[in-house]
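Enquirer: Just so we're aligned: the sequence shown equals residues -3 to 399 in the working numbering.
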Amino acid sequence: MHLLRVQVPNFRALNQVDITFEKDFFPQIFPLGSQNGGGKSTLLQLIFTLLHCSASDERTIFLQNLLHRFNPNQSSEKTILAIFDIWDGSKIHTIEFFSHQTIDAINAKINSKDYNKKLPISISSKNNRFLRLPIESISRLLDDDDWERENLLFICTYSSTKDQLVKDKSLLCKIGNLSSNEARFFLDKLSRKVFLASHTTQDFLFMNGEYRKLFSEKKDDYEKKDCSNINSLKTKIPGFFTYDFLAVDLVNQLFIDARNKDGNAIKDREDSNYYETLLKQDINSILINKKIYFSPDLNQITFKLDKQGQEVDLYPEDLSRGELKRLSIYVWLKHNEIKDAIVLMDEIEITLHPDWQYIIISDLEKWEPSNQYILATHSYDLCEALTPAHVKAIKLKLIKNKN
């Protein structure tokens, strides 16, 4: 799956955004720049949340958090939120997300006798403003031919006002000419191929206040609470990753998996060197004058520093921030087997030496060349590693004065 084009008419700091990511460019790595506060991070989060969360009822809360108070055109029945062109390897699918004035529009329908017959429940017109209908009922109304909304998907309701309890809008989706069932199947497949990596210091629009507070805590408090809370969050939204967190157990598991693959290959009388490649060519190439060692049972990791011909034992915390970051990204990609995916990465250059900001492009290409990487960045060195045509920008759009 690759993202070919994204259009966002008006969402927070984003205004008339229209960016193309050419599918014939090599490598498929695109730096994305803007002025400070220009909306790079917002765009990545919007892409991620819509494409990763829309296929799962359990992730509805993240969409509702993202869209809370989104109501840019109050006089319009339909407001375009975003349009995506997705290449699935054989054809292009255009996905349109938009907000609809659900309550007013549905109430107008419900008040007619014909539509009352279609609903599974009897409705009193007194409380229509706070109406709560099953998703199937809403979809049945919105999909009607009279509405010219064929093949629409109802994703969720959300609040466009300060009061989050009043869900007065609906998020809807349409994917080209696909039927509703085909569109849901495609969204589910796509959701497994969209990932976001960012720093914990970022303000995540798809989180509620509880999780935002967790990410803004001081380091000591954060480390105490991190494991259970962050792991809980990542279980709910598995495509989300933070650079700041290197799980040593994932490194262990990565090597166990490689060893098992070698063992299975030997049983099948095939040549295999997953473990050797992982250890010597990949992991150790990330470290500078250091090597990684494992106990025979792979239960313990040791890092060793080559210091004037002598090896000195180190712990993971002795590694530089840049080494930890490169290692964590590598482990994340490999452990989760992220392939043929849209990988969104926010400010990957932070904590990396300028030389490493340049070579991170070749790192990503080597670690998994089938992915498309979109990197929100301020780094000149990172952009220098690619052609000028690879570098995309969110241009500042001036808002006309109506006076």
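Each residue gets a CB set at the ideal place from its N, CA and C atoms; glycine is no exception.
From a predicted model like this one, the values you see are computed outputs, not experimental measurements.
1. State the start and end residues of the unbroken alpha helix (DSSP H) segment that holds Gln353.
2. What does the alpha-carbon distance come out to for the pair Leu444 and Gly305?
3. Using DSSP's beta-bridge definition, name the partner residues of Lys74.
4. If you measure from the CB of Pro365, is any heavy atom of the ligand FMN nearer than 7 Å?
5. Tell me the DSSP secondary structure of Gly35 in three-state form.
6. Where does Ala254 fall in DSSP's three states?
7. Can you round the beta-carbon distance between Leu167 and Leu59 to whole angstroms, since I take them to be within the 8 Å contact cut?
8. By the 10 Å Cβ neighbour count, where 16 or more other Cβ atoms means buried, how is Glu178 classified, buried or exposed?
9. For Ile357 and Ser187, I'd like the C-alpha separation in whole angstroms.
10. For the alpha helix (DSSP H) that contains Arg322, what are its first and last residues?
11. For Asp159, count neighbouring Cβ atoms within 10 angstroms of its own Cβ and tell me buried if that reaches 16, exposed if not.
12. Give me, in chain order, the residues of the same chain whose beta-carbon lies closer than 6 Å to that of Thr153; leave out the 5 immediate sequence neighbours on both sides.
13. Going by C-alpha distance, which of Thr157, Ser155, Ser175 and Leu161 is nearest Leu149?
14. Could you tell me whether any Cβ in chain D is nearer than 8 Å to the Cβ of Asp164?
15. In terms of alpha-carbon separation, which member of Trp328, Glu313 and Asp184 lies closest to Gln249?
16. Can you tell me where the beta strand (DSSP E) holding Glu307 begins and where it ends?
17. Nearest CA to the CA of Leu283: which residue from Phe251, Leu323 and Lys257?
18. Of the residues Ile344, Glu92 and Leu10, which one's Cα is nearest the Cα of Lys82?
19. Measure the C-alpha to C-alpha separation of Phe237 and Arg180 and round it to an integer number of angstroms.
20. Rank His386, Asn367, Thr373 and His331 by C-alpha distance to the C-alpha of His(-2) and give the top, closest one.
21. Does DSSP put Ser52 in a helix, in a strand, or in coil?
22. How about Phe44 and Phe7: are their beta carbons less than 8 Å apart?
23. For the beta strand (DSSP E) containing Tyr369, list its first residue and its last residue.
24. To the nearest whole angstrom, what separates the beta carbons of Cys49 and Ile288, a pair I think is in contact under 8 Å?
25. Quick check on Arg1: does DSSP put it in helix, strand or coil?
26. Going along the chain, which residues of its own chain have a beta-carbon closer than 8 Å to the beta-carbon of Asn147, five neighbours each way excluded?
27. Alpha carbon to alpha carbon, how far is Lys19 from His386?
28. Using a threshold of 8 Å, state whether the C-beta atoms of His64 and Ser155 are closer than that.
29. Less than 8 Å between the beta carbons of Leu10 and Gly35, yes or no?
30. Where does Ala385 sit, in a helix, a strand or coil, going by DSSP?
31. With DSSP collapsed to three states, give me the class of Asn280.
32. Run the CB neighbour count on Leu161, radius 10 Å, all protein chains shown included, and call it buried at 16 or more, exposed below.
33. Does Leu149 come out as helix, strand or coil in the three-state DSSP assignment?
34. Whose CA, out of Thr231, Ser316, Ile344 and Ala337, lies closest to the CA of Ile325?
35. Pair every Cβ in the stretch 365 to 379 with every Cβ in the stretch 331 to 342, then say whether three or more of these pairs are closer than 8 Å.
36. Quick check: what's the CA-CA separation for Asp377 versus Gln353?
Expert: Reading from the atomic positions:
1. Looking at the DSSP string, the run of the alpha helix (DSSP H) that includes Gln353 is Pro350 to Trp363.
2. In the structure displayed, the chain extends from -3 to 399; residue 444 sits before or after that span and is not available.
3. Beta-bridge pairing links Lys74 to His96.
4. By its list of ligands, the structure shown contains no ligand whatsoever, and the ligand FMN lies outside what it can speak to.
5. The answer is coil: DSSP assigns Gly35 none of H, G, I, E or B.
6. Assignment of Ala254 by DSSP, reduced to helix, strand and coil, places it in the helix class.
7. The C-beta separation of Leu167 from Leu59 comes to about 6 Å, placing the pair in contact by the 8 Å criterion.
8. So Glu178 counts as exposed.
9. Distance between the alpha carbons of Ile357 and Ser187: 25 Å.
10. That run of the alpha helix (DSSP H) goes Arg317 to His331.
11. Around the Cβ of Asp159, a 10 Å sphere holds fewer than 16 other Cβ atoms; the residue is exposed.
12. Excluding residues within five positions, the ones whose Cβ falls inside 6 Å are Lys163 and Ser166.
13. Here the closest residue by C-alpha is Ser175.
14. Here there is only one protein chain, and chain D is not present.
15. Distances from the alpha-carbon of Gln249 to those of Trp328, Glu313 and Asp184 put Trp328 closest.
16. Gln306 to Leu310 is the extent of the beta strand (DSSP E) around Glu307.
17. Nearest C-alpha to Leu283: Leu323.
18. Checking the sequence, you will find Ile at residue 82 rather than Lys. The residue with the shortest Cα to Cα distance from Ile82 is Glu92.
19. If I take the Cα positions, the gap works out to 25 Å.
20. When the alpha-carbon of His(-2) is set against those of His386, Asn367, Thr373 and His331, the nearest one is in Asn367.
21. In the structure shown, Ser52 falls within a coil segment according to DSSP collapsed to helix, strand and coil.
22. For Phe44 and Phe7, no; Cβs fall outside 8 Å.
23. Bounds of the beta strand (DSSP E) holding Tyr369 are Gln368 to Ala372.
24. Actually they do not touch by this definition, with Cβ atoms about 35 Å apart.
25. DSSP places Arg1 in the strand class (E or B) of the three-state scheme.
26. Around Asn147: Asp139, Lys170, Ile171, Asn173, Leu174, Ser175, Ser176 and Ala179.
27. Between Lys19 and His386, the C-alpha separation is close to 11 Å.
28. In contact: His64 and Ser155 (Cβ atoms closer than 8 Å).
29. Between Leu10 and Gly35, the C-beta spacing is below 8 Å.
30. Note: Ala385 maps to helix in three-state DSSP.
31. Reduced to three states, the DSSP call for Asn280 is helix.
32. So Leu161 ends up on the exposed side.
33. Leu149: strand per DSSP, three-state reduction.
34. Just measuring C-alpha positions, the residue of Thr231, Ser316, Ile344 and Ala337 sitting nearest Ile325 is Ile344.
35. In short, these stretches touch, since the Cβ pair count reaches three.
36. Spanning the two alpha carbons is a distance of roughly 6 Å.
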